[in-house]
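For reference, the structure is listed below as structure tokens.
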Amino acid sequence: MLRHKYSIAVALFVAIILIASCFSKSSPDASLPDTVSYNFHIRPIFSDKCFKCHGPDAAQRQAGLRLDIPDSAFSPLKETKGAFALVAGKPEESEVYKRISSDDSTYQMPTPDSHLGSLSDYEVKLVRKWIKQGAIYEKHWAFIAPKKSTVPEISNRKWVKNEIDHYILSQLERVGLPPNEEADKERLLKRAAFDITGLPPSIEMMDAFLNDQSPNAYEKAVDQLFALPQYGEKMAIHWMDLSRYSDSYGYQDDNIRTQWPWRDWVIHAFNKNLRYDQFLTWQIAGDMLPEATKEQMLATG
């Protein structure tokens, strides 16, 4: 009897595993976007897995192929007669798809000795669908001029206060959800303070805000938060993370580092609301500017 129950339990367990594996295999197909975007979906894959050997670096380029520009990607391959890296609408005739989906280590891309790793099944399917949809390249988003979109129509006009609210409410109405009621003043100030300074508001600031019944009380409180030195410290954290800044070496040793003046300059730049174009220019080439100031040279690091 026990053996019979054990057999049933094992059979059920195996069935569950098989069903789960079927779902796990089918889920990537189900989650593929309706339209595959080169900028959003494909460029990151090519950048990680392909551009090292088939990108803009001429010294590292293999087979004379560039996948970062369509003129090269759609041209006949120099080392494989009659073949093309990409054939719009035909993934099975595109060497890119054939090689990234191959299990043959002598044929697949990226090659095993590149140590870039194979594409995941989901990434392979993304590339296939992109080629099937025409392998349309897009300019890098940084070089596409922004266009003002049309503000969506909404039903509950009393709820919206600005154009951003139109976008939020249109999505809520699309799925049949009502907007939340406005948060109370205490919660509003806490949210703003944590977003702007990374710290809770002081008791004095909270009391003043709660007692301020003027229609622009919230705007005044936000301006006060922007004026605090902690605003620059909060914003600088994100910039310094992107720049790989650290006050210490940390892992291997903890020797004294002398980059802290640049850290303080970044904080100061945010607090004095330095123009963004100057913020970037000074860091990239502050020492190359005509009659560069000490601050501009400091910004370069």
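Under the numbering used here, think of the first position of the sequence shown as 80, with each following residue one higher.
The beta-carbon is built from N, C-alpha and C at its ideal position, and this holds for glycine as well.
Residue environment, residue i, which counts as buried when at least 16 other CB atoms sit within 10 Å
i      : result
Met188 : buried
Tyr328 : exposed
Pro112 : exposed
Tyr355 : exposed
Ile223 : exposed
Gln375 : buried
Leu289 : exposed
Pairwise C-alpha distance: residue j and residue i
i      : j      : result
Thr190 : Tyr246 : 45 Å
Asp366 : Ala272 : 36 Å
Gln303 : Asp320 : 26 Å
Thr229 : Ile243 : 11 Å
Pro340 : Leu377 : 7 Å
Gly134 : Leu146 : 6 Å
Arg342 : Trp361 : 14 Å
Tyr216 : Lys226 : 19 Å
Ala138 : Ser184 : 24 Å
Ser325 : Leu278 : 21 Å
Cys129 : Ile148 : 12 Å
Phe119 : Ser151 : 21 Å
Gln309 : Ile363 : 25 Å
Gly161 : Glu172 : 10 Å
Gln357 : Lys157 : 45 Å
Thr372 : Thr379 : 11 Å
Asp192 : Lys131 : 13 Å
CB-CB length for residue i against residue j, believed under 8 Å
i      : j      : result
Leu198 : Ile124 : 7 Å
Test: residue i CB closer than 8 Å to a CB of chain D
i      : result
Arg140 : Protein chains in the displayed structure number just one, and chain D is not present.
Closer than 7 Å: residue i CB and nearest the ligand FMN heavy atom
i      : result
Ser154 : For the ligand FMN, the structure offers nothing, since it holds no ligand at all.
- Spell out a yes or no on whether the segment 232-241 and the segment 200-212 are touching, meaning 3 or more CB-CB pairs, one atom from each, closer than 8 Å. no
- Within the segment 201-271, ranges of the beta strand (DSSP E) (whole runs, at least 3 residues): none
- Item | Length at least 3, wholly inside the segment 291-369: the beta strand (DSSP E) runs in chain order | none
- Task: Please determine if the segment 160-169 and the segment 204-214 are in contact, where contact requires at least 3 C-beta pairs separated by less than 8 Å.
- Result: yes
- Could you tell me which uninterrupted alpha helix (DSSP H) segments, each at least 4 residues in length, are contained entirely in the segment 132-174, listed from first to last along the chain? 149-152
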